[in-house]
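Peer 1:
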Amino acid sequence: EPEVTQTPSHQVTQMGQEVILRCVPISNHLYFYWYRQILGQKVEFLVSFYNNEISEKSEIFDDQFSVERPDGSNFTLKIRSTKLEDSAMYFCASSVISNTGELFFGEGSRLTVL
Amino acid sequence: GESVGLHLPTLSVQEGDNSIINCAYSNSASDYFIWYKQESGKGPQFIIDIRSNMDKRQGQRVTVLLNKTVKHLSLQIAATQPGDSAVYFCAENTYTGANSKLTFGKGITLSVRP
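Protein sequences, first through last, are from chains A and B.
In terms of the working numbering, the first sequence opens at residue 39 and continues consecutively.
In terms of the working numbering, the second sequence opens at residue -19 and continues consecutively.
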């Protein structure tokens, strides 16, 4: 069964360092998303992406964050200068169509900022 | 402000019993709701969705009920199994014209006793 894959599964970094989280969405999906979940809290929307452009971003997604689809398969989230409060589980998701609540999530990348 | 939230943090049920997980929302304009399941160490997994033109929708062993009058949503799981143990989230989908955006409520942990 097709699935969204994310790497790394866990990354530990020092505050101020750059981090890139990688995702391979399901191959025939056109809509891509990043969400994050701080430990024990609810899942929060970060950004949506379609046709090589950001469709919408949340207040969390400030200038330190960026997304890119560098090739036909990868979708990346970059945090330029990590802060302690960026520590969270980051989930990539994709969907076939735009107006759907059925998103396919990856297993997440846990980011720990020290 | 607008919010989607769950009534109880944990629910413990006996294997074989039916489970009911409740969710309240505050925005009367909300028209599309989804239930997600998150198993330990995994990303959210779509269970079932319902749009506001319906008040009930059934899937395999699951039923979602929507009461727009009191802004209440519930997920019923029939014959609960150990594999149903997970955190359950209700979410609202907002379609921005380009992409969907899910606003998740706080999760409720379902624990199934053997």
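Where is the CB? At the ideal position from N, CA and C, for every residue including glycine.
In this text the structure is predicted, and so the values were computed from the model without any measurement.
Among the candidates B:Leu90, B:Ser(-1) and B:Gly21, whose CA atom is the shortest distance from the CA of Ala126 of chain A?
Peer 2: B:Gly21
Peer 1: Pull out every residue of the stretch 56 to 86 of chain B whose Cβ sits closer than 8 Å to any Cβ of chain A, in chain order.
Peer 2: Phe69, Ala71, Asn73, Tyr75, Thr76, Ala78, Asn79, Ser80, Lys81, Leu82, Thr83, Phe84, Gly85 and Lys86
Peer 1: May I ask you to report which of helix, strand or coil DSSP gives Val42 of chain A?
Peer 2: coil
Peer 1: Would you say Thr45 of chain A lies against chain B (beta-carbon separation less than 8 Å)?
Peer 2: no
Peer 1: Run through chain A and tell me which residues come within less than 8 Å of Tyr12 of chain B, C-beta to C-beta.
Peer 2: Gly139
Peer 1: For Asp64 of chain B, name the three-state secondary structure that DSSP assigns.
Peer 2: helix
Peer 1: Whole beta strand (DSSP E) runs in the stretch 1 to 25 of chain B with 3 or more residues, listed along the chain?
Peer 2: 12 to 18
Peer 1: When the Cα atoms are used, what is the spatial distance from Lys86 of chain B to Cys70 of chain B?
Peer 2: Take the alpha-carbon of Lys86 of chain B and the one of Cys70 of chain B: they are about 8 Å apart.
Peer 1: Looking at the C-beta of Gly88 of chain A, does it have a partner C-beta in chain B at a distance below 8 Å?
Peer 2: In the sequence under discussion, the amino acid at residue 88 of chain A is Tyr, which differs from the Gly named in the question. It does: the Cβ of Tyr88 of chain A has a partner Cβ on chain B nearer than 8 Å.
Peer 1: In the stretch 47 to 71 of chain A, which residues sit with their C-beta less than 7 Å from some C-beta in chain C, listed in chain order?
Peer 2: Here chain C cannot be found, since the structure's protein chains are A and B.
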